[in-house]
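Novice: Numbering (this note's numbering), first residue to last: 97 to 211.
C-beta atoms are modelled at their ideal positions from N, C-alpha and C, and glycine is treated no differently.
Note that the structure is predicted; figures quoted are calculated from it, not measured.
The structure is given below, and queries will be raised subsequently.
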Ligand code: HEM
């Protein structure tokens with residue numbers, strides 16, 4: 097039996113911190129709902145609590161695919177954005193779903209237009 101924040105956690109329990117809430121917690125982030133990519137600019141790491149941002153979890157069981165995932169995302173964006181404008185096709189309601197990671201509830205269709 098373990099304990100977290102006053103709650104007893106039986107051995108063998110699958111437990112994941114609510115990353116969606118953590119990443120929007122006003123105690124850790126100013127203007128948490130705003131899209132401010134400069135929060136993640138190099139050198140800004142020290143401006144926030146150490147574990148305030150952990151999309152790949154943390155500790156000995158953190159995501160083994162983290163480097164691959166970051167590289168893949170960078171490459172997809174780089175390869176696509178160089179050649180195409182991406183336009184959202186609003187044929188589905190745009191709703192977010194917080195699972196292990198944050199995703200859209202419905203498919204997010206995009207139209208590619210060559211630059
Ligand atoms: C954006 C992409 C990804 C995100 C946000 C993500 C996130 C996470 C998180 C939060 C965990 C911890 C789960 C837990 O504690 O129960 C995890 C574990 C894991 N991830 Fe990822 N992941 C991503 C991509 C990948 C990729 C590309 C791979 C493999 C090629 C991968 C392989 C794994 C494995 C094997 C674990 C379990 C590690 C362990 O239990 O020791 N992930 N991931």
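Between 159, 185, 97, 116, which has its C-alpha nearest residue 108's C-alpha?
Specialist: Per the Cα distances, 97.
Novice: In the DSSP assignment, what residue or residues form a beta bridge with residue 207?
Specialist: According to DSSP, residue 207 bridges with 183.
Novice: Beta-carbon separation of residue 174 and residue 210 under 8 Å?
Specialist: Not closer than 8 Å, so no.
Novice: To the nearest angstrom, how far is the alpha carbon of residue 143 from that of residue 135?
Specialist: C-alpha separation (whole angstroms): 9 Å.
Novice: Helix, strand or coil, according to DSSP, for residue 142 in the structure here?
Specialist: Residue 142: helix per DSSP, three-state reduction.
Novice: Would you tell me roughly how many angstroms separate the C-alpha atoms of residue 149 and residue 106, rounded to the nearest one?
Specialist: Approximately 26 Å between the Cα atoms of the pair.
Novice: What's the C-alpha gap between residue 166 and residue 199?
Specialist: Distance between the alpha carbons of residue 166 and residue 199 is about 16 Å.
Novice: Could you tell me which of 196, 195, 191 sits nearest to residue 203, measuring between CA atoms?
Specialist: Residue 191 is the option with its Cα nearest to residue 203.
Novice: Let's see if you can read the secondary structure: which residues bound the beta strand (DSSP E) around residue 196?
Specialist: Looking at the DSSP string, residue 196 is not in any beta strand (DSSP E), and its letter there is neither H nor E.
Novice: Return the bridge partner residues of residue 192 from the DSSP annotation.
Specialist: In the DSSP output, where bridge partners are listed per residue, residue 192 has 200.
Novice: With a threshold of 7 Å (Cβ to nearest heavy atom), would residue 177 be considered close to ligand 1?
Specialist: Flag unset: Cβ of residue 177 not near ligand 1.
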